[in-house]
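Numbering (our numbering), first residue to last: 38 to 151.
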């Protein structure tokens, strides 16, 4: 009986260690200049485009400064992928120009922000 309790206790501790210890995430942050983001609708569309990427944890848009801050897992995405997602949505991203075809698909209010 004593051996059974010892085995059960060992197994329980092992399982708690394996499943209870959460691996610490290596979250990085990047700030992207989105000069063509001019209204709440633009901010929503930029955030939506970025959230399509795997590994994105959070996106904050600052309309006044025309900046987007992205928290992400570098093992799944990177700054270049984030910039490309933004440009494909019809917006500038740092030095990358927006996709001219995507701009035509934006709501009219979002097409002319510079």
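Note that CB positions come from ideal geometry on N, CA and C, so glycine has one too.
Nearest neighbour of residue 100 by Cα position, chosen from 66, 142, 65, 78, turns out to be 78.
Going by DSSP, residue 118 is part of no beta strand (DSSP E) but of the alpha helix (DSSP H) stretching over 116 to 125.
Judged by DSSP in its simplified three-state form, residue 97 adopts strand.
The segment 135 to 145 and the segment 100 to 115 do not touch, with fewer than 3 CB-CB distances between them shorter than 8 Å.
At the C-beta level, residue 90 and residue 122 come within 8 Å of one another.
Residue 95 and residue 105 have their C-alpha atoms roughly 10 Å apart.
Between the alpha carbons of residue 134 and residue 85 lies a distance of about 19 Å. The Cβ-Cβ distance between residue 71 and residue 139 does not fall below 8 Å. With a 10 Å radius around the Cβ and a threshold of 16 neighbouring Cβ atoms, residue 109 comes out buried. Of the residues 148, 136, 116, 76, the one whose Cα lies closest to the Cα of residue 65 is 116.
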